[in-house]
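Taken in order, the sequence shown gives residues 43 to 183; the numbers are from the numbering used here. Think of the CB as a built atom: it goes at the ideal place given N, C-alpha and C, for glycine as much as any other residue. The block underneath contains the structure these notes are about, expressed in structure tokens.
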Amino acid sequence: MRTGFKQVSLVVVVAALATGCASAERKLGRGLNNLSEPIRLGELQRSMEQSYLWDGPDATYSTGLVHGIGRTFARASVGAFEVLTFPIPSDPYIKPVNPVYPDSYKPGVLDTSALKTDTSLGFDTTDVVPFSPGSRFKIFE
């Protein structure tokens with residue numbers, strides 16, 4: 043039992059060193075993105091939206107729904123496979139590689155101090171006196 047564990051761990055370490063860190067990180071991140079597709083439902087929404095635009099409103103809840111469910115399960119399955127095999131290099135199995143969102147939705151970054159550190163350092167042009175309440179002035183918000 044111990045020799046089997048040692049051999050498997052040796053193979054995993056050799057595979058990780060042979061592939062390099064960047065491709066393994068990218069594949070693991072891509073796999074986690076694809077694995078979270080049933081929660082995000084971007085493929086389902088996009089398929090229904092595209093079938094409404096191209097095939098009409100009659101096909102939205104039939105063809106679009108079935109196509110979207112199939113794409114969602116395919117993306118989640120490929121994501122699980124990529125998470126399990128991330129030390130082994132390979133090309134992406136599903137195109138597009140990035141998460142899919144409907145055309146009517148553009149995701150953004152959360153507005154937190156951890157991600158937008160320049161405002162607390164005073165590099166933002168809209169803060170006149172950052173420590174004074176009510177000093178923030180934004181035209182387009």
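Opening and closing residue of the alpha helix (DSSP H) in which residue i lies
i: G106; result: Run containing G106: none; DSSP gives neither H nor E here.
i: L95; result: G84 to D97
Proximity below 9 angstroms, CB of residue i to CB of residue j
i: N76; j: V108; result: no
i: P141; j: A66; result: no
i: V125; j: L74; result: yes
Beta-carbon separation (whole angstroms), residue i vs residue j, contact threshold 8 angstroms
i: R113; j: S93; result: About 12 angstroms separates the two Cβ atoms, so there is no contact after all.
i: D145; j: E79; result: About 17 angstroms separates the two Cβ atoms, so there is no contact after all.
i: A118; j: I136; result: Rounded, the Cβ-Cβ distance is 10 angstroms, inconsistent with contact.
Residue i burial status per 10 Å Cβ neighbour count (16 or more: buried)
i: L86; result: buried
i: G106; result: buried
i: G98; result: exposed
i: G150; result: exposed
Is it true that the region 69-84 meets the region 46-54, where meeting means three or more beta-carbon pairs spaced less than 8 angstroms apart? Two segments are said to touch when three or more pairs of C-beta atoms, one from each, lie closer than 8 angstroms; by this definition the region 69-84 does not touch the region 46-54.
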